[in-house]
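Numbering (this note's numbering), first residue to last: 15 to 282.
Right, dumping it as C-alpha cells:
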C-alpha cells in the first residue's frame with residue numbers, strides 16, 4: 015500500500031459524485047438489463063471511465079476490476095497474479111438511481127496480495143465519505159467511527175436481502191423474527207458503511223459480488239465488526255466473484271446470527 019494516498023483516492027470518488035453522478039440524478043434515466051438481471055445506465059459507465067482515468071493518472075501500474083466490465087475479464091483479473099488491484103462499483107444502487115431513490119454510493123477498494131488494504135465509499139447525495147486502511151481504523155468524513163456492538167439480537171436492526179436467500183432461510187428469518195427489525199436499502203455499499211457507523215447491527219445477504227463487499231467489508235472490520243460468509247469462511251482472499259455475507263457489530267451477535275442461520279429450516 016506504499017505510495018497510495020487515501021485522501022487522493024477519496025477526493026477522486028467525491029469528484030466523480032459531483033461531476034458525473036449528481037448532475038444526472040433525478041433526471042430521466044435510460045437503462046438496460048445485464049445478463050444477471052441487474053440494470054446498467056450510462057451514468058454507471060461514465061462514472062467507471064472517470065474514476066479509472068483519474069486513478070491511472072496517479073497509479074498507472076494498478077489494474078482495475080470494475081463492475082461494468084466483461085465477466086470473463088473480471089474473472090481473469092481476480093485470479094491473476096496482480097500484486098495490487100482496484101475493485102470498483104462506480105454506482106452502487108443503480109435501480110435506486112434509476113427511480114430517483116436517494117440511496118446510492120461509489121465503492122472502491124485496493125486489494126493487495128489478495129486482501130483489501132484500503133477502502134472508500136462515497137455517498138454523493140449526503141456528502142458522506144467512509145474510509146479505512148488496514149490496521150488504522152474506520153472513518154466518516156475524517157472522524158473515527160465504531161460499530162454499535164453492545165446489542166442483543168432481539169434489540170438489533172439488520173440489513174437483510176431476502177431476494178438472494180434460499181426460500182427456506184428467507185421464510186425462517188421472516189416468519190420467526192428474532193431481531194427488532196430489518197431493512198434492505200438497495201445499496202450494499204451503504205449498508206456496509208452504515209453498519210460500520212452504528213446505524214444497524216448486522217447484514218445477511220445471500221450473494222454479494224466482490225465489488226459490493228470489497229470496500230465495505232474492510233471499513234466494517236476496521237470499525238470492529240465480525241465479517242465472513244454464511245459458512246464462517248473469510249471473504250478474502252476471494253476465489254469467486256460472489257459470496258454469501260454475514261457481518262455483525264460484535265462477536266457475540268455474530269455467534270447468535272450463525273446459530274440462527276444454522277437452525278433455519280432446510281429446504282426439502
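Ideal Cβ placement from N, Cα and C applies to all residues, glycine included.
Item to check | Exposed unless 16 or more other CB atoms sit within 10 angstroms - verdict on residue 110 | outcome: Here residue 110 refers to the residue found at position 96 when the chain shown is read from its first residue. Result: buried.
Checklist entry - Counting only runs that start and end within the stretch 129 to 201, where is the beta strand (DSSP E) found for 3 or more residues in a row? => result Within the stretch 129 to 201, the complete beta strand (DSSP E) runs of at least 3 residues are 129 to 137, 142 to 147, 152 to 154, 157 to 159, 171 to 175 and 195 to 197.
Next on the checklist: Helix, strand or coil for residue 78? Go by DSSP, reduced to three states.
Outcome noted: On the chain shown, residue 78 is found 64 positions in, with the first residue counted as 1. It is a strand residue.
Next on the checklist: Taking 7 Å as the limit between beta carbons, can you name the residues of its chain near residue 91, skipping five residues before and five after?
Outcome noted: For the purposes of this step, residue 91 is taken as the residue at position 77 of the chain shown. Excluding sequence neighbours, residue 91 sits near 77, 79 and 99.
Item to check | Pairwise C-alpha distance: residue 33 and residue 183 | outcome: Translated into positions along the chain shown, residue 183 becomes position 169. Translated into positions along the chain shown, residue 33 becomes position 19. Roughly 42 Å between the two C-alpha positions.
Next on the checklist: By the DSSP assignment, the alpha helix (DSSP H) with residue 23 in it spans what residues?
Outcome noted: By 1-based counting over the chain shown, the position of residue 23 is 9. Looking at the DSSP string, the run of the alpha helix (DSSP H) that includes residue 23 is 20 to 30.
Checklist entry - Can you find a heavy atom of the ligand NAP that lies under 6 Å from the Cβ of residue 176? => result Of ligands this structure carries none, so the ligand NAP is not represented either.
Item to check | Per-residue DSSP class, three states only, for residue 37 | outcome: Residue 37 sits at position 23 when you count from the first residue of the chain shown. Three-state result, residue 37: helix.
Item to check | N-terminal and C-terminal residue of the alpha helix (DSSP H) that residue 101 is part of | outcome: Taking the first residue of the chain shown as 1, we reach residue 101 at position 87. Taken as a continuous stretch (DSSP letters only), residue 101 belongs to no alpha helix (DSSP H), being part of the beta strand (DSSP E) at 98 to 106.
Checklist entry - Does the stretch 192 to 204 come close enough to the stretch 64 to 76 that 3 or more CB-CB pairs lie under 8 Å? => result Result no; under three Cβ-Cβ pairs closer than 8 Å.
Checklist entry - Is it true that the CB of residue 243 sits closer than 7 Å to the CB of residue 257? => result Locating residue 257 in the chain shown gives position 243, where the first residue counts as 1. Locating residue 243 in the chain shown gives position 229, where the first residue counts as 1. Cβ distance < 7 Å, so residue 257 and residue 243 count as in contact.
Next on the checklist: On a Cα-Cα basis, can you pick out the residue from 238, 35 and 141 that is closest to residue 150?
Outcome noted: Start at 1 with the first residue of the chain shown, and residue 150 comes out as number 136. Nearest in C-alpha terms to residue 150, of all of 238, 35 and 141, is 238.
Next on the checklist: Assess contact between the stretch 153 to 170 and the stretch 260 to 268, defined as three or more Cβ pairs (one per stretch) separated by less than 8 Å. Is contact present?
Outcome noted: yes
Item to check | Close Cβ partners of residue 114 (< 6 Å) along its chain, the five nearest in sequence each way excluded | outcome: By one-based count along the chain shown, residue 114 stands at place 100. Listed in chain order, the non-local C-beta contacts of residue 114 below 6 Å within the same chain comprise 40, local neighbours out to five positions each way being set aside.
Next on the checklist: Tell me which residue opens and which closes the beta strand (DSSP E) that residue 216 is part of.
Outcome noted: Counted from its first residue, the chain shown places residue 216 at position 202. Where residue 216 is concerned, the enclosing beta strand (DSSP E) stretches over 216 to 223.
Checklist entry - Beta carbon of residue 207, beta carbon of residue 144: below 7 Å? => result In the chain shown, the residue the question calls residue 207 occupies position 193. In the chain shown, the residue the question calls residue 144 occupies position 130. Yes, the pair counts as a contact, with Cβ atoms nearer than the cut-off.
Checklist entry - If you follow the alpha helix (DSSP H) that residue 90 is part of, which residue opens it and which one closes it? => result For the purposes of this step, residue 90 is identified with residue 76 of the chain shown, where counting begins at 1. Per DSSP, residue 90 belongs to the alpha helix (DSSP H) from 85 to 92.
Next on the checklist: Counting C-beta neighbours from all protein chains within 10 Å, is the total for residue 94 16 or more, i.e. buried, or is it exposed?
Outcome noted: Translated into positions along the chain shown, residue 94 becomes position 80. Around the beta carbon of residue 94, fewer than 16 other beta carbons lie within 10 angstroms, which makes this residue exposed.
Item to check | Proximal residues to residue 367 (C-beta, below 7 Å), its chain only, five neighbours per side dropped | outcome: The first residue shown for the chain is 15 and the last is 282, placing residue 367 beyond what the model contains.
Checklist entry - DSSP state of residue 55, grouped into three classes? => result Against the chain shown, residue 55 aligns to sequence position 41. Here residue 55 sits in strand by DSSP.
Checklist entry - Less than 7 Å separating the beta-carbons of residue 64 and residue 30? => result Here residue 64 refers to the residue found at position 50 when the chain shown is read from its first residue. Here residue 30 refers to the residue found at position 16 when the chain shown is read from its first residue. Contact check for residue 64 against residue 30 passes: the beta carbons are separated by less than 7 Å.
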